[in-house]
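S.K.: Below is one structure. I have some questions about it.
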Amino acid sequence: MKVLVLAAGYATRLHPLTLTQPKPLLPVAGRPMIDFVLDNLAPIPGIDRVYIATNARFSPHFERWAANYRATKSPLEFTIVNDGSTSDSDKLGAIGDLNLVLEQEKIDDDLIVVAGDNLFSQSLAPFGEFCRKQTSPVLGVYDTGSLDLAKKYGTVELDRSGRVLSFTEKPERPETTHVGIALYYYPRTTLPLIRQYVAEGNNPDQPGRLMQWLCPRVPVLAWPVPGIWYDIGSKETLEEANRIFAKR
418 MKVLVLAAGY ATRLHPLTLT QPKPLLPVAG RPMIDFVLDN LAPIPGIDRV YIATNARFSP
478 HFERWAANYR ATKSPLEFTI VNDGSTSDSD KLGAIGDLNL VLEQEKIDDD LIVVAGDNLF
538 SQSLAPFGEF CRKQTSPVLG VYDTGSLDLA KKYGTVELDR SGRVLSFTEK PERPETTHVG
598 IALYYYPRTT LPLIRQYVAE GNNPDQPGRL MQWLCPRVPV LAWPVPGIWY DIGSKETLEE
658 ANRIFAKR
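With our numbering as the guide, the letters of the sequence shown map in order to residues 418 to 665.
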């Protein structure tokens, strides 16, 4: 099994913090936020390589971080993939980066995809265990507990079996507090659909749009994310995450 961490954005809403440092390497409770991502993924057995999709500006930052993480925390094997972009205006987008890594690294394996600015408070080992039993894509789903908060994300409609019936990106009037987050599992057999999505000229940016496109075509299953989850998109959420995770 492979893991891809999406970390090629420029996080303009967090300027000036992200002018010289990529968002996933900003500190939360004294540690780079990407540490929380990898610490919670590392317990999943069978992960043999982690790819980090980044850009030309911040590729060296992730090279240094990966070397330190491997030396001090976990013997995971890392590959840093530079998408060649230099600014927000020429970025490939999250799905574009996913497709680039698939093609450039010739990936033909089950794949977990996660955004590098997602903070999890609990191990994702149960996610890996659940995914290994599936032949369909899996979407991490989190209950925000608030319809107002749900407007910021992609809401999901589920049936009683846990299948995703629909995925609506940033709805104006959400009907549920359950949102899909940037935590995905793609079985090896579904990887050609990602290439098809890109080849058809669909929006290459928000990764949720790929799930929205997949739902009518193949079964997509939901996995409820436990504990605390943060999507660091603003200075306010960064400050809040620092307060919450420092207490832990």
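Yeah, the Cβ is synthetic: ideal placement off N, Cα and C, and Gly gets one too.
No experiment lies behind these values; they were computed from the predicted model shown.
Apply the 10 Å Cβ neighbour rule to Asn499 and answer buried if 16 or more other Cβ atoms are within range, or exposed otherwise.
M.R.: If you number the sequence shown from 1, residue 499 lands on position 82. Asn499 should be labelled buried.
S.K.: Can you give the Cα-Cα distance for Ala446 and Leu627, rounded to whole angstroms?
M.R.: Residue mapping note: residue 446 aligns to position 29 of the sequence shown, counting from 1. Residue mapping note: residue 627 aligns to position 210 of the sequence shown, counting from 1. Taking the straight line from one Cα to the other gives about 32 Å.
S.K.: Write down the C-beta distance between Pro449 and Phe475 rounded to the nearest angstrom, noting that I regard them as a contact closer than 8 Å.
M.R.: The count along the sequence shown starts at 1 and reaches residue 449 at position 32. The count along the sequence shown starts at 1 and reaches residue 475 at position 58. In fact, because the Cβ distance is near 12 Å, the residues do not count as touching under 8 Å.
S.K.: Using a Cβ distance threshold of 8 Å, determine whether the region 649–658 contacts the region 629–636, with at least three qualifying pairs required.
M.R.: no
S.K.: Quick one: using the 10 Å Cβ neighbour count with 16 as the cut-off for buried, is Pro477 buried or exposed?
M.R.: Position 60 of the sequence shown, counting from 1, holds the residue named residue 477. Exposed, because fewer than 16 other Cβ atoms sit within 10 Å of the Cβ of Pro477.
S.K.: Please look up how many angstroms separate the CB atoms of Pro460 and Ser583, rounded, as I've assumed it's under 8 Å.
M.R.: As a first step, residue 460 must be located in the sequence shown, where it is residue number 43. As a first step, residue 583 must be located in the sequence shown, where it is residue number 166. In fact, because the Cβ distance is near 32 Å, the residues do not count as touching under 8 Å.
S.K.: If you draw a straight line from the alpha carbon of Glu406 to that of Tyr570, how long is it in whole angstroms?
M.R.: In the structure as shown, the chain begins at 418 and stops at 665. Residue 406 is therefore absent and cannot be evaluated.
S.K.: Would you mind working out which of Arg605, Ala542, Ser504, Tyr559 sits nearest Leu528, comparing C-alpha positions?
M.R.: Residue 528 sits at position 111 when you count from the first residue of the sequence shown. Among Arg605, Ala542, Ser504, Tyr559, the Cα nearest to that of Leu528 is on Arg605.
S.K.: So what's Tyr570 in DSSP terms, helix, strand or just coil?
M.R.: Along the sequence shown, one-based indexing puts residue 570 at 153. Looking at Tyr570 - three-state DSSP - the assignment turns out to be coil, as it is neither helix nor strand.
S.K.: Taking 9 Å as the cut-off, decide whether the C-beta atoms of Leu655 and Leu434 are in contact.
M.R.: Within the sequence shown, numbered from 1, the residue matching residue 655 stands at position 238. Within the sequence shown, numbered from 1, the residue matching residue 434 stands at position 17. In this structure, Leu434 lies closer than 9 Å to Leu655 by Cβ.
S.K.: Does the distance from the CB of Leu509 to the CB of Leu519 come in under 9 Å?
M.R.: Within the sequence shown, the letter at position 92 stands for residue 509. Within the sequence shown, the letter at position 102 stands for residue 519. For Leu509 and Leu519, no; Cβs fall outside 9 Å.
S.K.: Whose C-alpha, out of Asp456, Leu443, Gly618, Gln521, is nearest the C-alpha of His432?
M.R.: Taking the sequence shown and counting its residues from 1, the one referred to as residue 432 is at position 15. Ranking Asp456, Leu443, Gly618, Gln521 by Cα distance to His432 puts Leu443 first.
S.K.: Helix, strand or coil: which one does DSSP assign to Leu515?
M.R.: One-based indexing of the sequence shown puts residue 515 at position 98. Of the three classes helix, strand and coil, the one that applies to Leu515 here is helix, per DSSP.
S.K.: Exposed or buried, Gln629, counting other C-beta atoms within 10 Å across all chains shown (16 or more means buried)?
M.R.: Translated into the one-based positions of the sequence shown, residue 629 becomes position 212. With 16 or more Cβ atoms within 10 Å of its Cβ, Gln629 is classed as buried.
S.K.: Quick one: which unbroken beta strand (DSSP E) runs of 3-plus residues sit fully inside the region 488–569? Chain order, please.
M.R.: 495–499, 528–532, 535–537, 555–560
S.K.: Under the three-state reduction of DSSP, which class applies to Val477: helix, strand or coil?
M.R.: Counting from one through the sequence shown, the residue named residue 477 turns up at place 60. It is Pro, not Val, that sits at residue 477 in the sequence shown. In this structure, Pro477 counts as helix in the three-state DSSP scheme.
S.K.: Can you tell me where the alpha helix (DSSP H) with Asp576 in it begins and where it stops?
M.R.: Counted from its first residue, the sequence shown places residue 576 at position 159. Run containing Asp576: none; DSSP gives neither H nor E here.
S.K.: Taking the alpha-carbon positions, what's the Tyr602 to Thr594 distance?
M.R.: Here residue 602 is taken as the residue at index 185 of the sequence shown, counted from 1. Here residue 594 is taken as the residue at index 177 of the sequence shown, counted from 1. Those two C-alpha atoms are separated by around 22 Å.
S.K.: Measure how close the beta-carbons of Val422 and Ile451 come, nearest whole angstrom, since I'm counting them as under 8 Å.
M.R.: As a position in the sequence shown, residue 422 is number 5, starting the count at 1. As a position in the sequence shown, residue 451 is number 34, starting the count at 1. 7 Å between Cβ atoms; contact.
S.K.: Kindly indicate which three-state DSSP category Leu434 falls into: helix, strand or coil?
M.R.: Position 17 of the sequence shown, counted from the first residue, corresponds to residue 434. Coil.
S.K.: Check for me: the beta strand (DSSP E) holding Ile469 runs from which residue to which?
M.R.: By one-based count along the sequence shown, residue 469 stands at place 52. Ile469 -> beta strand (DSSP E) spans 466–471.
S.K.: Give the secondary structure of Ala486 by DSSP, where H, G and I count as helix, E and B as strand, and everything else as coil.
M.R.: Working through the sequence shown from its first residue, we reach residue 486 at position 69. For clarity, residue 486 is Tyr in the given sequence; the question names Ala instead. Tyr486: helix per DSSP, three-state reduction.
S.K.: Does DSSP put Asp456 in a helix, a strand or coil?
M.R.: As a working mapping, residue 456 is identified with position 39 in the sequence shown. Three-state DSSP puts Asp456 in a helix.
S.K.: Looking only at its own chain, which residues have a Cβ that is under 6 Å from the Cβ of Lys441, when we skip the five neighbours before and after it?
M.R.: By 1-based counting over the sequence shown, the position of residue 441 is 24. The amino acid at residue 441 is misidentified as Lys; the sequence shows Pro. Here the set comprises Ala424, Met450, Ile451, Gly533, Asp534.
S.K.: Under 6 Å Cβ to Cβ from Pro588, same chain only, skipping five residues before and after it: list those, please.
M.R.: Sequence index remark: in the sequence shown, residue 588 carries index 171 (1-based). Excluding residues within five positions, the ones whose Cβ falls inside 6 Å are Thr572.
S.K.: Just to confirm my understanding: we take Ile402, look at its own chain, exclude 5 residues before and 5 after, and list those with CB closer than 6 Å. What are they?
M.R.: There is no way to answer for residue 402, as the model of the chain reaches only from 418 to 665.
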